[in-house]
Amino acid sequence: MSLEDFIEKKQEILNNIQNIMKENAKKKMYSYIKHIDSLEKNDELMPNSIYWCGSRECATVIEEKTGKSILSSTDENGKCIVCGKRGNKTVISKKY
Ligand SMILES: [Zn+2]
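Quick note: the sequence shown uses our numbering, first residue 1457, plus one each step.
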């Protein structure tokens, strides 16, 4: 193995490890976040997860009712908390 090959491989391995760690961190983060099926159940201070269809209209309703912003979505599917259409599990959290 040449030095170049080694350096290239090393970077690849490091990237893989980083991806795994990111995935694990994300899974862990989601396991701590309470999922709510109604915007009235929104926690004042803690982040929550909801299903959101991805539309701007629903995002506005969510943001206005909870005072939170939409952070990240996963590929887990469910009915949008606002319109009932197919959505993805999404984390909402207060802006700081
Ligand atoms: Zn919606």
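Glycine included, each C-beta is placed from N, C-alpha and C at the ideal position.
Being a predicted model, the structure only gives us computed values, none of them experimental.
For residue j and residue i, believed in contact at Cβ under 8 Å, the rounded distance
i     : j     : result
K1490 : S1525 : Going by Cβ atoms, the distance from K1490 to S1525 rounds to 17 Å, so no, they are not a contact pair.
Counted within 10 angstroms of its Cβ, other Cβ atoms place residue i as buried (16 or more) or exposed
i     : result
I1463 : exposed
I1469 : exposed
S1505 : buried
T1516 : exposed
T1546 : buried
G1540 : exposed
Residue-level contact to chain B via CB, residue i, 8 Å cutoff
i     : result
G1540 : Here there is only one protein chain, and chain B is not present.
For residue i: DSSP bridge partner residues
i     : result
G1543 : G1534
Start-to-end residues for the alpha helix (DSSP H) that takes in residue i
i     : result
I1476 : 1459-1488
I1492 : First-last for I1492: undefined, no H or E at that position.
Extent of the continuous beta strand (DSSP E) to which residue i belongs
i     : result
S1589 : Nothing can be reported for residue 1589, as the shown portion of the chain is limited to 1457 through 1552.
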